[in-house]
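Student: Sequence order for the protein chains is Y, Z and W. Residue 182 in numbering that gives the first Met the number 0 sits at position 183 of the first sequence, with consecutive numbering throughout. Residue 148 in numbering that gives the first Met the number 0 sits at position 149 of the second sequence, with consecutive numbering throughout. Residue 199 in numbering that gives the first Met the number 0 sits at position 200 of the third sequence, with consecutive numbering throughout.
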Amino acid sequence: MTLRQLLLLTAGVGLLAAAALTPLIGSGYAMSMAINLLMFTALATAWALFSGPTGYISLATVAFFGIGAYTVAVVGEALPWGLVLALAAGLGFLVALVVGLSTLRLRGVYFVIFTFGLAELIRQLVTWYEANHAGSVGRFVFLDISQAQIVWQLTAVTAVVFLLGALLQRSRLGLTLRMIGDDETVALHCGANTTAAKLLAFSLSAALMALVGAIVAPRWTYLDPTIAFNPVVSFQVLIMALLGGAGRLYGPLLGVIPLVLLFEYLSAHFPNHFSILLGVTFLAIVYLVPNGVAGLAERYLGRPRPSQPAAAAPAQPKEGTS
Amino acid sequence: MTRAPILTVDGLSKRFGGLVAVDGLSFSVYPGEIVGLLGPNGSGKTTTMHLISGALKPSAGSIRLGGDEIAGQPPYRIARLGIARTFQLVRVLGSMTCLENVQAGLAFGPGALAGKAAAQRAHALLERVGMHPLADRPAGELTYLDQTRLELARALAVRPRLLLLDEWLAGLNPSELVEGIALLRALREDGITMVLVEHVMDAIRSLCDRCVVMNAGRKIADAQPEAALSDPEVVRAYLGDDDA
Amino acid sequence: MPILDALLNGLTLGGMYALVAVGLTLQYGVARIMNLAYGECLIAAAFAAYWLFSGLGLSPLLGLGLVVPLAFALHWLLYRLLLVPLVRRAKSRAALEVDSILATFGLLFIVEGIVLVLFGGNYYNYAYLAGVLDIGGTPLAYNRLLALGFALVLGLGLYLLLTRTRGGTALRAVAVDPVAAQLVAIDVRAAAALAFALGGALVAASGVLVSMFLTFNAAMGVVFTMKALIVVIMGGVGNLAGCLVAGLLLGFAESFVATYLDPGLTIAVNFALFLFILIVRPNGLFGRASA
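1) Residues of chain W with a CB under 9 Å from the CB of Y/Asn271: which are they?
2) What is the rounded straight-line gap between the Cα of W/Val268 and the Cα of Y/Pro224?
3) From the DSSP output, which residues share a beta bridge with W/Thr137?
4) Under 7 Å, Cβ to Cβ, is there at least one residue of chain W near Y/Val83?
5) Tell me, which residues are paired with Z/Gly35 by DSSP?
6) Looking only at its chain, what residues have a beta carbon closer than 7 Å to the beta carbon of W/Arg92, apart from the 5 residues adjacent to it on each side?
7) Using 10 angstroms around the beta-carbon of W/Val221, count the other beta-carbons present and answer buried if the total reaches 16, otherwise exposed.
8) Taking the alpha-carbon of W/Leu12 as reference, which of W/Ala271, W/Thr164, W/Arg171, W/Ala140 has the nearest alpha-carbon?
9) Out of Z/Ala20, Z/Gly31, Z/Gly10, point me to the one whose CA is closest to Z/Leu161's CA.
10) Determine which residues share a DSSP beta bridge with Z/Leu64 and list them.
11) Tell me the start and end of each unbroken alpha helix (DSSP H) in the region 158 to 212 of chain W that is at least 4 residues and wholly inside, in chain order.
12) Would Y/Trp46 and Y/Val236 qualify as a contact pair, given that the criterion is a beta-carbon distance under 7 Å?
13) Can you pull the chain Z residues whose beta carbon is under 9 Å from the beta carbon of Y/Arg171, in chain order?
14) Could you give the residue range of the beta strand (DSSP E) that holds Z/Ser27?
15) In its own chain, which residues sit with a C-beta less than 7 Å from the C-beta of W/Leu35, not counting the 5 before and 5 after it?
16) Considering only residues of the same chain and omitting the five flanking positions on each side of Z/Pro4, which have a CB-CB separation below 7 Å?
17) Might you give, ordered along the chain, the residues of its own chain that have their beta carbon closer than 6 Å to the beta carbon of Z/Ala220, omitting 5 neighbours on each side?
18) Chain Y partners of W/Pro177, CB-CB under 8 Å?
19) Whether or not the region 247 to 263 of chain Y and the region 69 to 89 of chain W are in contact is what I'm after, with contact meaning three or more pairs of Cβ atoms, one per stretch, closer than 8 Å; do they touch?
20) Cβ of Y/Thr225 within 6 Å of any heavy atom in the ligand ADP?
21) Could you please tell me which residues of the region 119 to 131 of chain Y, in chain order, have their CB closer than 8 Å to any CB of chain W?
22) In whole angstroms, give me the CA-to-CA distance for Y/Phe281 and Y/Leu174.
23) Measuring only the C-alpha atoms, how far is Y/Leu276 from Z/Gly71?
24) Cβ of W/Ile190 within 7 Å of Cβ of W/Leu170?
25) Please report the residue range of the alpha helix (DSSP H) in which Y/Leu142 lies.
26) I'd like the span of the alpha helix (DSSP H) that includes Z/Leu164, first residue to last.
27) Can you give me the Cβ contacts of Y/Arg304 inside the same chain, cut-off strictly under 6 Å, excluding the 5 residues immediately before and after it?
28) Exposed or buried, Z/Glu126, counting other C-beta atoms within 10 Å across all chains shown (16 or more means buried)?
29) Using CA coordinates, which residue listed in Z/Val21, Z/Tyr75, Z/Gly139 is at the minimum distance from Z/Leu92?
30) Can you name the residues of chain Z whose CB is closer than 7 Å to the CB of Y/Gly329?
31) Which residues, in chain order, does the region 5 to 33 of chain W contribute to contact with chain Y at a C-beta distance below 8 Å?
32) I'd like to check one pair, Z/Lys13 with Z/Pro57: are the Cβ atoms closer than 7 Å?
33) Do Z/Leu36 and Z/Val196 come within 7 Å of each other at the CB atom, strictly closer than that value?
34) Could you check where the alpha helix (DSSP H) with Z/Ile82 kicks off and where it finishes?
35) Are any of the Cβ atoms in chain Y nearer than 7 Å to that of W/Leu277?
36) Compute the Euclidean distance between the alpha carbons of Y/Met178 and Z/Asn100, then round it to the nearest angstrom.
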């Protein structure tokens, strides 16, 4: 292990420990901030597991997040909590598998568009089902799970996401994903089963998002499709990952911290103009920091490896031409 | 050559809408051979390479690698069966280092390598194409010439029984050309069978055991280089009727 | 009669979708900007028409005359100021498409936010030509008919513009091959700006027309963007006839599902149709096979 890796590891463990300790020393407000930070760290890092190396930008984060939250709303009281979480993750994985199976063969742009609509599709399907078959659109979530427990569970999931990410980077799957991001055709002709790799990574990342959604669901006592499938979440996760830099495992974290604080400030002080300011922030990031903070930092610190194209450069499965 | 062919193309056709790019093409390649695939622009050479490597699916016909039917199989499976290729417009994994590019070729299929063994083998392959000093450079920053050499190293990493080179020698100056030809010849000494699409006549004459000449999607000649190139139909295809 | 209901409904709905999508097919097909804020622009125009009608008493048809040129100018500026830097920075067409998705994704929230600040999140509609024509027992509102008529006129006008004028020919050339277009002395960037602005004018026009008969709110933009995208991709990017056919197809599919199955399932139908087309004919119904 190099010094650099050791430093990163220490910093990571320190941050997680600090987050896990907030319930013991902090106020309710500190805990709610910790939940926000952990939730977005887990979501943005999970997003970057797939979208970072491949450049396939997914706008469907909230679709999976919402699936997890809704699993809790529907079966949360009937099943033991561990099983509920497993079910949420499993459902997220399965839906992503089906969606990926049909869309990951598509050109990059079509994939983006489809994920853009996916949350809306699932939201409408859930609304339709609830209205026609469950009797009412909203559901109450009465679970005996405290804020502190949410913090601890999120800490655990965040640790798992980072661990998975670290393993992925060292694995053949990770190599395949990076090859796809660079040139999918070359990857195919090197013998990489790119469709399977994309599918697996996409579903894995979706399962983690669903897990996060399930864990934070008890925060809401009332849940309806508009809350669970709020597109702003996908948007925030995307901005955070892009700001931080999706090409590094710790990149999204660098975006999550400043933006969670910024959004907190904005929604407290400018509740009516939140959407506008969100859009402006996003544009500023797309134009000014195209490679993310991690990319910038490494340029100045002069690391030998080039910054990855991250999400700003798309994967284009180029069709063979004659 | 009395051995069984390594590659057998039989009745291969590819249509794009109304256009027939490859039209009932048949030829064989024997182990250890270098076969040149020639023809005027638009005669279907690159399409043929795409069909063999799986980038395109044939409309009709069969392609056999050894005993395996590979027509219409996905490219990654064909690569794992032992067909590696380079691209007409050079393609490297730009964000990765040269070493990683070669490791990418080593990572899949039977006999795949990972970790230290992969790094060692990748270094050896880079040395083979004379790129050892550049191992840690990002591939995207290389010159065109170095990128073509890297592409060859990556293709070799796939452990090919058959190597497809699409105008790999194009764009080289005379001294680079001599080097390139020597390199390919050395690869043949190692027992690698090759099909090359090439326009550089010197290379064809000095490298190829046999030439398959195409025109408008069909095979018009299949002979040793001198014989194929002086075939009246080949001359007509290249120069037009008046000059024949 | 449900079948007549479904047919008429499908026709007006489909005509509307075709109209809504025409602007996007120009923006994406020629300017290569995948505009995710497209639906928000439509909603903004609808609100402008509402404001002109109920605030100033201007009929939506007069409103068209105001809103459309304004939208053209705004979109032209938008392209020049916001999107040209992306075009410059993009290394490839694919990079531009993704960058433009990101930038317009930000724009989406800005436009939606402005509409929210001005009008709040409530649903709006207004009564203009709300009388009803009876066709074999099936009611058809005059304002819908009028909108359909205008859509036809606009579509025909655009078709003539693109096929009969030099500027239109230049736009079509850029859509087919920007590099080759440059070689025959077409100013590709100016053509792209023009196409983007023209697309903006068209989406504003459809927003005004749609506002005459639809109830709308600030958050509905996404739905229109999705439908426009589906129609554009189904019809083949940059293809006007494809837009019309795909729009009608979508309209009929939705209206039949709403009539015979369940109105709540229309968006599922959208996606099913979309996926089916993408998998079976990835370049759209009328798209050219990629070279």
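Every residue gets a Cβ at the ideal spot worked out from N, C-alpha and C, and that includes glycine. Keep in mind the model is a prediction, meaning the values are calculated, not measured.
Tutor: In brief:
1) Gly112, Leu115, Val116
2) 19 Å
3) According to DSSP, which records beta bridges pairwise, W/Thr137 is partnered with W/Ile134.
4) no
5) Partner(s): Z/Leu195, Z/Cys210.
6) Arg31
7) Result: buried.
8) The shortest C-alpha separation from W/Leu12 is found at W/Ala140.
9) Z/Gly31
10) Z/Leu6, Z/Asp67
11) 165 to 175, 177 to 182, 187 to 210
12) yes
13) Ala106, Phe107, Ala111, Ala113
14) 18 to 28
15) Ile100, Thr103, Phe104, Leu107, Thr224, listed in sequence order.
16) Ser27, Val28, Tyr29
17) Val212, Ala227, Asp230, Val233
18) Within 8 Å Cβ-Cβ: nothing; W/Pro177 doesn't reach chain Y, min ~16 Å.
19) no
20) Only the bare structure without any ligand can be found here, which leaves the ligand ADP out of the picture.
21) Listed in sequence order: Glu119, Leu120, Gln123, Leu124, Thr126, Trp127, Ala130, Asn131.
22) 30 Å
23) Looking at the two C-alpha atoms, the distance is approximately 52 Å.
24) A small fix is needed here, since residue 190 of chain W is Ala in this sequence, not Ile. For W/Ala190 and W/Leu170, yes; Cβs fall inside 7 Å.
25) The continuous stretches of alpha helix (DSSP H) do not include Y/Leu142, and DSSP gives it neither H nor E.
26) Run containing Z/Leu164: none in the alpha helix (DSSP H); it sits in the beta strand (DSSP E), 161 to 165.
27) Reliability of the predicted coordinates at Y/Arg304 is poor, the pLDDT of 41 falling under 50, and the value obtained from them is presented with this limitation in mind. Nothing listed; no residue qualifies.
28) exposed
29) If we check each option's Cα against that of Z/Leu92, Z/Gly139 comes out closest.
30) Outside the shown range of chain Y (0 to 321) lies residue 329 of chain Y, about which nothing can therefore be said.
31) Listed by position along the chain: Met33.
32) Taking 7 Å as the Cβ cut-off, Z/Pro57 and Z/Lys13 qualify as a contacting pair.
33) yes
34) Z/Ile82 -> not in any alpha helix (DSSP H); beta strand (DSSP E) instead, spanning 82 to 84.
35) Closer than 7 Å to some Cβ of chain Y, the Cβ of W/Leu277 qualifies, so yes.
36) Cα-Cα distance, rounded: 9 Å.
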